[in-house]
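Trainee:
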Amino acid sequence: PIAWSVPQLAQARAQGRRLVMLTCYEASFARVLDKAGVDLLLIGDSLGMVVQGHDSTLPVTVDDIAYHTAAVARGARRALKIADMPFGSDATPAQAHAAAMRFIQAGAAMVKLEGAGYKLDIIRFLVEREIPVCAHLGLTPQSVLRMGGFKVQGREQAAAERLRADALAVAEAGAALLVLEGVPATLAETITAASPIPTIGIGAGPGCDGQVLVLHDLLGVDTGHRRPKFVKDFLAEGGSIEGAVRAYVEAVRSGTFPGSEHSYT
Ligand code: KIV
Ligand code: NA
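In full-length UniProt numbering, the protein residues as written are 7 to 271.
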């Protein structure tokens, strides 16, 4: 099994090997996911919703992500650890660098941040300082106040154009990976074809270079939040937690998940 490093993301894509990502927030699950062959562990700010019980990701702090990143890093040896930049932590280059440094020191190999626009400068600033960055476009949950809810993005022509341009811009700024969330499957496929960096989809159809799910959704845990269309409970077919994770890994690798029933048109 591969011990992941950042350059291997591009190599995997070149070899047509799909990338398997899951969120993870603590050491024991990190061990299980690592052993089951999950490539990338995301210490997502979704922990605000599924661990802390908030209605959005906005209350999550840098301390929270640093704490959970350290726990995941102690449990996982092989998988690449990606830490989410929480809301407001990437408002300025200096702030973003200070937060990202804490996550790297806690064991992350990469940080993820939402959006393009002025965030392009933040991406450039971090990458020039040797901190690998994963971009995140589409339905960016930290935009919930502006969006007025969690809504599929890029359905209108103009929004689709903007998303396509942003995807090229984040790669140009130095991002090594791109998460596409909550966008129509055909748009995600078009963006992936044009993207110089690998794409990871969630609610973005089967046409991306990899997939990510929130761990609780894969296990069918009731988080108290609405279950979006794109989630699948793999515990039912997997029979055990490890079996569920292995079923997910296999389904992503072979391209059987997501299906059209998990995608937006
Ligand atoms: O925080 C998170 O879990 C995420 C993924 C859903 C991409 O950002
Ligand atoms: Na997130």
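For every residue, glycine included, the Cβ atom is placed at its ideal position computed from N, Cα and C.
How many angstroms separate the CA atom of ILE128 from the CA atom of MET116?
Mentor: Spanning the two alpha carbons is a distance of roughly 14 Å.
Trainee: Could you tell me which whole alpha helix (DSSP H) segments of length 4 or greater appear in the segment 193–229?
Mentor: Fully enclosed alpha helix (DSSP H) runs of 4 or longer: 221–224.
Trainee: Between LEU48 and ALA9, what straight-line distance do the alpha-carbon atoms span, to the nearest angstrom?
Mentor: Answer to the nearest angstrom: the Cα atoms are 16 Å apart.
Trainee: Quick check: does the Cβ of GLU32 come within less than 8 Å of any heavy atom belonging to the ligand KIV?
Mentor: False, no ligand heavy atom lies under 8 Å from that Cβ.
Trainee: Relative to the C-alpha of PHE240, which residue among VAL251, GLY230, ARG233 is closest?
Mentor: Cα-wise, what sits closest to PHE240 is VAL251.
Trainee: So what's LEU47 in DSSP terms, helix, strand or just coil?
Mentor: The answer is strand: DSSP assigns LEU47 an E or B state.
Trainee: Buried or exposed: where does VAL227 fall if 16 or more other Cβ atoms within 10 Å of its Cβ makes it buried?
Mentor: Result: exposed.
Trainee: Given a threshold of 16 other Cβ atoms within 10 Å of its Cβ, counted over all protein chains shown, does TYR270 qualify as buried or as exposed?
Mentor: By the 10 Å Cβ count, TYR270 comes out buried.
Trainee: Start and end of the alpha helix (DSSP H) containing THR262?
Mentor: That residue, THR262, is in no alpha helix (DSSP H); it is neither H nor E in DSSP.
Trainee: Given 8 Å as the limit, tell me if VAL237 has its C-beta closer than that to any heavy atom belonging to the ligand KIV.
Mentor: Result no, Cβ not under 8 Å from the ligand KIV.
Trainee: Please identify the residue among GLY216, ALA77, ALA182 whose C-alpha is closest to the C-alpha of PRO202.
Mentor: PRO202 has its Cα closest to that of ALA182, out of GLY216, ALA77, ALA182.
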